[in-house]
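Participant: Below is the structure I would like to discuss, written out as structure tokens.
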Amino acid sequence: MALTQSHVKQWVIDQHLDTWGPVNVTWHDDLKRTVIIVADGTKNQVRQEIKKIVAGNIEKGIISKEDANDFLDSLHVNDYAVED
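Residue numbers (the working numbering): 45 to 128.
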């Protein structure tokens with residue numbers, strides 16, 4: 045199964061990854077990018093949590109290892125400081 049923009053968006057929602065912050069999934073034939081914006085200073089923690097979720101999805105047969113690696117390669121977790 046090849047990943048599609050709609051598949052990734054639905055998976056993000058199903059895994060509740062959108063609770064960390066805004067999610068943008070950009071998909072083009074040559075560009076695949078999923079951007080999750082999280083609270084300042086938490087991007088490494090969130091990325092590790094997402095990797096755990098993806099690994100669990102591989103074990104459950106929800107996603108293939110190839111598709112999981114494709115997703116992780118296109119994943120960008122950015123943090124931001126909330127301005128006062």
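Note that beta-carbon positions come from the ideal geometry of N, C-alpha and C, so glycine has one too.
Would you identify the three-state DSSP class for residue 74, choosing helix, strand or coil?
Facilitator: Coil, per DSSP.
Participant: Check whether the Cβ atoms of residue 123 and residue 69 lie closer than 8 Å to each other.
Facilitator: No, Cβ-Cβ distance for residue 123 and residue 69 is not below 8 Å.
Participant: Return helix, strand or coil for residue 51, following the three-state DSSP convention.
Facilitator: In the structure shown, residue 51 sits in a helix (DSSP, three-state: H, G or I).
Participant: In whole angstroms, what separates the C-alpha of residue 101 from that of residue 113?
Facilitator: Cα to Cα, the separation comes out at about 12 Å.
Participant: So what does residue 119 bridge to, in DSSP terms?
Facilitator: Answer is 78, bridged to residue 119.
Participant: For residue 105 and residue 98, I'd like the C-alpha separation in whole angstroms.
Facilitator: Approximately 10 Å, taken between the alpha carbons.
Participant: Smallest Cα separation from residue 88: which of 53, 120 and 55?
Facilitator: Among 53, 120 and 55, the Cα nearest to that of residue 88 belongs to 120.
Participant: So residue 100 is in the alpha helix (DSSP H); what residue range does that whole segment cover?
Facilitator: Note, residue 100: alpha helix (DSSP H), 87-103.
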